[in-house]
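Trainee:
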Amino acid sequence: MRFNFLYADRYVFRTGWTYPESYIPYNMVRYIVKGDAVFILNGKEFVVHEREIVYIPEGCRLACSTLGDYFEFYSIRFRLSTQMDAGDFLSDYFHIQTVTQVHQEAGVRPYFEELYKNATIPTSQNAAKMFRIRGNLELIVAWMVEHSTEIVYGSDSQPEASHMAAALQHREARSERYKQDPRIRVVMDYLNSHLAEQFSLEALSEMVGICKSSLRRLFKEQSGKTVGEYVVELRMSTAARQLLISDKPISAIAYEVGYENPGYFTRIFRSYFGTSPYEYRKNARI
1 MRFNFLYADR
11 YVFRTGWTYP
21 ESYIPYNMVR
31 YIVKGDAVFI
41 LNGKEFVVHE
51 REIVYIPEGC
61 RLACSTLGDY
71 FEFYSIRFRL
81 STQMDAGDFL
91 SDYFHIQTVT
101 QVHQEAGVRP
111 YFEELYKNAT
121 IPTSQNAAKM
131 FRIRGNLELI
141 VAWMVEHSTE
151 IVYGSDSQPE
161 ASHMAAALQH
171 REARSERYKQ
181 DPRIRVVMDY
191 LNSHLAEQFS
201 LEALSEMVGI
211 CKSSLRRLFK
221 EQSGKTVGEY
231 VVELRMSTAA
241 RQLLISDKPI
251 SAIAYEVGYE
261 NPGYFTRIFR
271 SYFGTSPYEY
281 RKNARI
């Protein structure tokens, strides 16, 4: 499973800030630095406070509003290379909670601070920043997974041995479904680093030494998508990130992710995110 980082920022809002209900086309984690607010996810209300992490899954509807005169938080956007047919991978499989209280701030806040710091450094000044961003994002998710395990099993009392064994057995059985064939990992890594290139199943199958039908079957089993669907998702995620972190023309971004026709790129982007690239850049920075 790969985390495709999109965007990170630190926000400060005053009395009266409201974010109207909107569809969220990516995953988000928000670390509340100071203040209180109401987050409404898919109609369910959560009151969030200082030193809490809010996990917002892709595909939900979100609305927010402040409860005081000052509200500050870090926000990180990303997408997962592994998707489930229904539900959310991180919450359904790893039991990540919507709101997680941070008892020891030093344990996770530095990861948000370091990620944000690297995300705002121009690439020309730090060629290694993407590795630092991905590393800190994985540390944040790892922290939430560890904390969710405490919640599921109970931090103060251990479940009975038989229940613990059954739970572990169930998790191991499910994990077998997500063990990845190394040949499919090679194909994914190639596609990740050659977004602008056109590809063929023949060339990909020859590269890893399997026939086209086996590649189709294994890729679908491992990723839940066809090769074509995976490429479109990867291109759209990369384009969305470039729209947020750069001022490049939309036509240039389209070309960088493999679309020579900006109009066709816009149609695909709209079908994927429900909005045009221009509207996404204009409205998605909060």
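Residue 286, in our numbering, is where the sequence shown stops; the numbers in between run on with no holes.
Where is the CB? At the ideal position from N, CA and C, for every residue including glycine.
All values derive from a computational prediction rather than experimental measurement.
When DSSP labels each residue in this structure, what does Val257 get in the three-state scheme?
Mentor: Coil at Val257, not helix or strand.
Trainee: For Arg241, is the classification buried or exposed, using 16 other Cβ atoms within 10 angstroms of its Cβ as the cut-off for buried?
Mentor: That one is buried.
Trainee: Let me know the secondary structure DSSP gives Lys44 once reduced to three states.
Mentor: Looking at Lys44 - three-state DSSP - the assignment turns out to be strand.
Trainee: Using the Cα positions of Glu105 and Asp189, report the straight-line distance between them to the nearest angstrom.
Mentor: Each residue's Cα considered, the two are about 35 Å apart.
Trainee: Whole alpha helix (DSSP H) runs in the stretch 50-97 with 4 or more residues, listed along the chain?
Mentor: Within the stretch 50-97, the complete alpha helix (DSSP H) runs of at least 4 residues are 89-94.
Trainee: In the DSSP assignment, what are the bridge partners of Asn4?
Mentor: Paired residues: Arg79.
Trainee: Just the C-alpha distance for Gln198 and Leu204, rounded to the nearest angstrom, thanks.
Mentor: The alpha-carbon atoms of Gln198 and Leu204 are separated by roughly 11 Å.
Trainee: What residue from Phe73, Lys34, His194 has the CA that sits closest to Glu256's CA?
Mentor: Ranking the options by Cα distance to Glu256, first place goes to His194.
Trainee: Our contact map puts Leu137 next to Phe78 with C-beta atoms below 8 Å; I'd like the distance itself, whole angstroms only.
Mentor: Right, the Cβ-Cβ distance comes to about 6 Å (below 8 Å), so this counts as a contact.
Trainee: Going by beta-carbon coordinates alone, are Phe46 and Val102 separated by less than 9 Å?
Mentor: Not in contact: Phe46 and Val102 (Cβ atoms no closer than 9 Å).
Trainee: Tell me whether Ile32 sits in a helix, a strand or coil according to DSSP, three-state version.
Mentor: Ile32 falls in the strand class under three-state DSSP.
Trainee: Give me the DSSP bridge partner(s) of Thr18.
Mentor: Ser65.
Trainee: Express the C-alpha separation of Ile184 and Leu215 in angstroms, rounding to a whole number.
Mentor: If you take the alpha carbons of Leu215 and Ile184, they lie about 8 Å apart.
Trainee: To which residues of the same chain is Asn261 closer than 6 Å at the C-beta, ignoring the five residues directly before and after it?
Mentor: So no residue of the chain qualifies.
Trainee: Go ahead and pull the three-state DSSP assignment for Ala203.
Mentor: Note: Ala203 maps to helix in three-state DSSP.
Trainee: Does the beta-carbon distance from Arg14 to Tyr74 come in below 9 Å?
Mentor: Cβ distance not < 9 Å, so Arg14 and Tyr74 don't count as in contact.
Trainee: Applying the criterion that 16 or more other CB atoms from any shown protein chain within 10 Å of the CB defines a buried residue, is Gly107 buried or exposed?
Mentor: By the neighbour-count rule (16 or more Cβ atoms within 10 Å), Gly107 is not buried but exposed.
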